[in-house]
Amino acid sequence: MSSRRIAKVAEALRETISMTVLFGLKDPRVKNVTVLRTEVSPDLKSARVYVSVMGDEKVQALAMHGLRSARGFIQSQIAERLELRYTPILSFVLDPGVKLSIETSSLIRQALSEPGSVAGGLSDGPGDSTDESIDDAGDEDAGDRSSFTAEAGGGADDAPDAGHPGSELEDTSE
Numbered sequence: 600m601s602s603r604r605i606a607k608v609a610e611a612l613r614e615t616i617s618m619t620v621l622f623g624l625k626d627p628r629v630k631n632v633t634v635l636r637t638e639v640s641p642d643l644k645s646a647r648v649y650v651s652v653m654g655d656e657k658v659q660a661l662a663m664h665g666l667r668s669a670r671g672f673i674q675s676q677i678a679e680r681l682e683l684r685y686t687p688i689l690s691f692v693l694d695p696g697v698k699l700s701i702e703t704s705s706l707i708r709q710a711l712s713e714p715g716s717v718a719g720g721l722s723d724g725p726g727d728s729t730d731e732s733i734d735d736a737g738d739e740d741a742g743d744r745s746s747f748t749a750e751a752g753g754g755a756d757d758a759p760d761a762g763h764p765g766s767e768l769e770d771t772s773e
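Note that the working numbering has the sequence shown beginning at 600, numbered continuously upward.
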């Protein structure tokens, strides 16, 4: 079977399962569940459904148990909505990727907000080094910066080729 057909079936399964979980299931254990992706076998007889559950481990375990209990109902909804020769047998897998990325970003935010942290010291560093390089008169780049500022604003008489059309597009670095 072509990989394009398998990808289309996988996407149709993901959409159907998502809608069924969101609107069709009455199980109170299945909440805060997001269907991330599906992987379908080449013969379309089985599918692995990757889900993300927001909450602690207890909430995740309850949601996974609820999904496994509702597997037959979800498969019946797939059989009704999709025209397939075989209805795939579903297996649900908890994908920790979303939860890990949220935890990582919260740790980064926490580290950046602490004043004594290494990250807090790094945020002050580039501002200091930029000020030193601008103040340094012996720096070769300092002359280039002044020519760009002369072209961009006041002091147009100091800029090379001032007044010629297109002179502001020329690169004076080198």
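No residue lacks a Cβ here, since even glycine has one placed at the ideal position from N, Cα and C.
Separation of residue j from residue i, as counted between CA atoms
{"i": "Arg667", "j": "Ser690", "result": "8 Å"}
{"i": "Ser645", "j": "Gly654", "result": "28 Å"}
{"i": "Arg604", "j": "Val648", "result": "17 Å"}
{"i": "Thr686", "j": "Leu711", "result": "50 Å"}
{"i": "Pro714", "j": "Val634", "result": "39 Å"}
{"i": "Ile616", "j": "Ser705", "result": "30 Å"}
{"i": "Leu612", "j": "Val697", "result": "20 Å"}
{"i": "Ser700", "j": "Asp694", "result": "11 Å"}
{"i": "Asn631", "j": "Val652", "result": "6 Å"}
{"i": "Ala606", "j": "Val639", "result": "8 Å"}
{"i": "Glu614", "j": "Glu702", "result": "27 Å"}
{"i": "Ile688", "j": "Gln674", "result": "7 Å"}
{"i": "Glu656", "j": "Gly665", "result": "14 Å"}
{"i": "Asp723", "j": "Val650", "result": "Low per-residue confidence applies at Asp723: pLDDT is 49, beneath 50, and the placement is therefore not dependable enough to give any value."}
{"i": "Arg684", "j": "Leu621", "result": "25 Å"}
{"i": "Leu681", "j": "Arg636", "result": "17 Å"}
8 Å contact criterion, which residue i and residue j should meet: CB distance rounded
{"i": "Ala569", "j": "Val629", "result": "No answer is possible for residue 569: the residues shown for the chain start at 600 and end at 773."}
{"i": "Thr619", "j": "Gln676", "result": "5 Å"}
{"i": "Leu643", "j": "Val608", "result": "6 Å"}
{"i": "Met600", "j": "Pro641", "result": "6 Å"}
{"i": "Ala678", "j": "Leu624", "result": "About 16 Å; that fails the 8 Å criterion."}
Which residues DSSP lists as bridging residue i, in chain order
{"i": "Tyr649", "result": "Arg636, Val692"}
Residue i - DSSP class collapsed to helix/strand/coil
{"i": "Lys698", "result": "helix"}
{"i": "Gly665", "result": "helix"}
{"i": "Met600", "result": "coil"}
{"i": "Val831", "result": "A query on residue 831 cannot be resolved here, the shown segment of the chain reaching from 600 to 773 and no further."}
{"i": "Val620", "result": "helix"}
{"i": "Lys644", "result": "coil"}
{"i": "Thr789", "result": "Missing from the structure shown is residue 789; the chain here goes from 600 to 773 and no further."}
{"i": "Gly671", "result": "helix"}
{"i": "Glu610", "result": "helix"}
{"i": "Arg680", "result": "helix"}
{"i": "Arg628", "result": "coil"}
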